[in-house]
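Q: The C-terminal position of the sequence shown is numbered 732 in our numbering, with every residue numbered one higher than the one before it. Sharing a structure below in structure tokens format, with a few things to ask.
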Amino acid sequence: MRFSTQASMMKKSPVFISSKAGRESLNRTGQLPALFICFGFLFAAAPAPTPAQDTSHPYEVRIIRDTYGVPHIIGKTSADVAYALGKVQCEDRVADVVYNLHAGSGRLAEVTGEKYLNNDKEARLLRNARQAKRDWPKLSPQLRRLVEAYAQGVNDWLAAHPNAIPVKVKPFTPIDVIAWHRKVMMLSTVTIATADGNREVGKPHPGIPPGQSNSWVVSGMKSTTGRPLLLIDPHWPTKGHLQLYEARLKGGRLDAWGFMLVGTPLVGLGATPAAAWTFTAGGADSSDAYALRINPDNSNQYEWDGEYVPMEVRQETLRYRDGKEIKEVVETFRYTRHGPVATNKQGEPYAARHGNWNHALTMEQFWRMNTARNTVEFKAALAMDRLSYFNVTWATTEGHIGYVQTGEVPRRSKAYDWEKRIPGWTSKSFIEGNIPFAQLPQVENPPTHFLQNCNVAANVITPGLDFTKGDFPPGALYGHYGAYRARGQRATLLLSKATKLDLDSAGKIVFDTYVPPADIWIPIIVQSVNETSGNTQEVIKATQILEKWDRYAGVNSVGATIFRFWRMACDDLKDTRAGRDAFHVDNNRKLREKSLIALNRAVAELKNRYGRIDVPWGQIKRHQRGNQEWPLSGDGLGRLGLDTLRATSGVKFSSENTLINRGGQSTVALVFLGKEPKIHAVVAFGQSNVPDSPHYSDQAPLFVNGQLRSVQWNTE
């Protein structure tokens, strides 16, 4: 498959022009979708709603949608841009906007029903809205105006389209926007604390699921342009309220392009004339769980340095929808000096300590990253250290490339083993504050001229690094430490060999479908068959196919199918390392016996599902949107997947015995930095979630064929 790009020409006329008089025409199709579904959030919208009278607003802005419907928003100020962004996000994905802005503040059940009360309980426990309100005055005036304008844009769109959703919602406030952003930034810290809290006393950390994303950057020495080239490839849901949204924003100090979550007004992963950046999961350890000793006579007190002290106790009323009625429930939330109190799977209380607990200021850092004008300003924005559990890969137009493993890391005493449960009843285990940003793992301008993070530890992002955990404060070097990562090894191999990357050669790396685990396991499978008598003809045939396979998971590959089913069979086997990757695999008799058992099961499963074993991978791995479907290459890590750089997901069989892609590689971009960034991008389906929109799935053919479209930087 040859990598290529397709030009994305701008439409000659803007979708709407909103002047000081407030003139606008937002609906391209003349009607809204008949049905929205967002993680169980059901919207039944009447066709062709009658717009309500819109009031005038002093925003000077115009929006030009390109051939693929991506909005290019041009305003006099950044607030102008944010106002229009709120509107176009609603036009494309109103269900997700409404969902997210309720979820952050803990009001989701008010519109979705009782089953979402747990979301609201967590949001209230984490004080997202309360902290957002408290920190609102600390945000810069420009950012406050931008957030206010964004919320106004959302509200005005909803007022103009009263039938877009089946329930009446209160106007959103800027606090809802900041609260949603805080909720997102706390997702990983809550996950870490929950894992910590569930470990048994004296037992090792149970670990957290490995995230999946790819990022890499090369310096001008490895790029045909002589400037850095950066890959943005977050492995993220292709559908639902967390699906990323693409936009080009230009107004005032804001001059950026990239991807963001709806409900937020700034680029999260993207590029400016000064810099480009992206994230993968697997940052620093930003949370801890403290075991508590509760007063048996008073559940609102806990032991601290030999005496019982009071918790902070708050009661809040949560509301939820029950048909046409709104009902209420009162919840009690408790806090110690460590943080919010939760209960683990064993029913034991613990207090979670989050490095980002005491602020809602992360959007300020994104604002400064979006508006940085040079390397010094961009690095100063990173040094604010308000980001979550991320690996940040970045580059600047001035020629610098860099990496930092972020996560607001609490200060920790070296007297404790932080891989075991921490006593929460002594001041000796609790130190106020976080470690300085300078003490996080960071690499800049390496002699290899490249950095990659495909969910690998910070000490293996490029060859030649010699630091270890012991060189940093506890928890600073954390994510994926010591773990085998096939995608990281493959990226390192390809980037080490690369000389002058252009669009074609860089694209081949982005959409590479080579299966590194096959190098480990096929020799073992072959040996297990050769040393065993009585194998069936199907098992022998499967082994021969694997031996001849080029180890790429293309849509026509039969070897990829057999190896994938073998890996799934291994995943079902217990008490064995068969099929489970590692830096070194002990090829012993017992391992080979298990490998052969798995091969027999894989062959039987293929025969049962398809009547044969020689099934092309693209007949099983599918990309689906509505009633459209395409064969798809590559695979992710779930259920011992093929773990290709093209990490497309799919672990549950459909009724048609296909594996439907639901995430992984979903929003991809190559950014060639320069005076004006040269960007080539694609998303899994399209810009709009409106089924009758021409941009509902118009990028899917590009995506499945490993093609990118050109992003026009200037539209004037």
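Just so it is clear, CB atoms sit at the ideal spot from N, CA and C, and this is done for glycine as well. Since the model is a prediction, treat every value here as computed from it, not as a measurement.
Measure the Cβ-Cβ separation of T683 and W252 and say whether it is below 8 Å.
A: Yes, Cβ-Cβ distance for T683 and W252 is below 8 Å.
Q: For the segment 172 to 183 against the segment 99 to 111, do three or more pairs of beta-carbon atoms, one drawn from each stretch, fall closer than 8 Å, so that the two count as touching?
A: Touching, yes, given that three or more Cβ pairs across the two stretches are closer than 8 Å.
Q: Between the C-alpha atoms of K266 and V77, what's the straight-line distance to the nearest angstrom?
A: 10 Å
Q: Can you list, in chain order, the residues of its chain whose CB lies under 7 Å from that of N135, leaving out five sequence neighbours each side?
A: A119, L124
Q: Look at the alpha carbon of L260 and the alpha carbon of G680, and state the distance between them as a whole number of angstroms.
A: 12 Å
Q: Need the endpoints of the alpha helix (DSSP H) that E344 sits in, please.
A: Counted as a single uninterrupted DSSP element, the stretch harbouring E344 is not any alpha helix (DSSP H) but the beta strand (DSSP E) occupying residues 341 to 351.
Q: Taking DSSP as the reference, what is the three-state secondary structure of S204?
A: helix
Q: With a 10 Å radius around its C-beta and 16 neighbouring C-beta atoms as the bar for buried, classify F719 as buried or exposed.
A: buried
Q: For the segment 157 to 167 and the segment 86 to 105, state whether three or more C-beta atom pairs, one from each stretch, are separated by less than 8 Å.
A: yes
Q: Along the chain, where does the alpha helix (DSSP H) containing W173 start, and where does it finish?
A: 157 to 176
Q: Could you say which of F382, H375, L661 lies nearest to D151 if we only look at CA atoms?
A: H375
Q: Could you tell me if D528 is buried or exposed, where buried requires 16 or more neighbouring beta carbons within 10 angstroms of its beta carbon?
A: Under this definition D528 is a buried residue.
Q: For the beta strand (DSSP E) that F688 lies in, which residues bound it at each end?
A: 683 to 688
Q: Could you tell me the distance, in whole angstroms, from the CA atom of L589 to the CA atom of A614?
A: 8 Å
Q: Let me know the beta strand (DSSP E) ranges lying completely inside the segment 643 to 708, each 3 residues or longer, listed in chain order.
A: Residue ranges of uninterrupted beta strand (DSSP E) with 3 or more members, entirely inside the segment 643 to 708 and ordered along the chain, are 644 to 647, 683 to 688, 694 to 699.
Q: What are the boundary residues of the alpha helix (DSSP H) that includes Q505?
A: 502 to 513
Q: In whole angstroms, give me the CA-to-CA distance for N677 and K637.
A: 7 Å
Q: State the CB to CB distance for the pair Y318 and V329, rounded to an integer number of angstroms; the pair is presumed to be in contact (CB under 8 Å).
A: About 12 Å separates the two Cβ atoms, so there is no contact after all.
Q: Quick one, which of N316, V113, Q331, L245 has its alpha-carbon nearest R143's?
A: Q331
Q: Whole angstroms are fine: how far does the CA of E547 sit from the CA of T296?
A: 43 Å
Q: Should G284 be counted as a contact of the ligand COA given a C-beta to heavy atom distance under 7 Å?
A: Looking for the ligand COA in the displayed structure turns up nothing, as the structure carries no ligands at all.
Q: So V114 and I194 are in contact, right, with Cβ under 8 Å, and what is the actual spacing, rounded?
A: The pair is not a contact, with the Cβ atoms about 17 Å apart (cut-off 8 Å).
Q: Assess, as a yes-or-no matter, whether the segment 414 to 434 is touched by the segment 443 to 462 under the definition of 3 or more beta carbon pairs within less than 8 Å.
A: With the cut-off at 8 Å, the segment 443 to 462 and the segment 414 to 434 touch.
Q: Distance check for L245 and T484, CA to CA, integer angstroms please.
A: Distance between the alpha carbons of T484 and L245 is about 28 Å.
Q: Got a sec? Which residues, its chain only, sit under 8 Å from I695 by beta carbon, not counting five neighbours each side?
A: The residues are W273, A287, A685, L686, V687, F688, S726, V727, W729.
Q: So what does DSSP say about N43, is it helix, strand or coil?
A: For N43, the predicted model reports a pLDDT of 34, less than 50, meaning its position is unreliable and no value from the coordinates is stated.
Q: So, with DSSP's three-state summary, where would you put H600?
A: coil
Q: Measuring alpha carbon to alpha carbon, tell me which residue in A292, I438, A165 is nearest P74.
A: Of the candidates A292, I438, A165, the one whose C-alpha sits nearest the C-alpha of P74 is A165.
Q: Output yes or no for whether 8 Å exceeds the beta carbon distance between A507 and N230.
A: yes
Q: Whose CA, out of D304, V97, S704, lies closest to the CA of P490?
A: D304
Q: Which residue comes first and which comes last in the beta strand (DSSP E) that contains N230?
A: 229 to 234
Q: To the nearest angstrom, how far is it from the Cα of T731 to the Cα of A700?
A: Straight through space, the alpha carbons of A700 and T731 are spaced by roughly 24 Å.
Q: Report all residues from its chain with a CB closer than 6 Å to the CB of Y712; omit the five preceding and five following residues, and keep chain order.
A: G702, S704
Q: Going straight from the alpha carbon of K516 to that of H465, what length do you get?
A: Approximately 11 Å, taken between the alpha carbons.
Q: Is there a Cβ from chain B that is less than 8 Å from the Cβ of T378?
A: Within the model displayed, chain B is absent; a lone protein chain is all it includes.
Q: Grab me the residues of M327's own chain with a C-beta within less than 8 Å of its C-beta, minus the 5 sequence neighbours each way, in chain order.
A: N316, Q317, Y318, R350, Y351, T352, V357, listed in sequence order.
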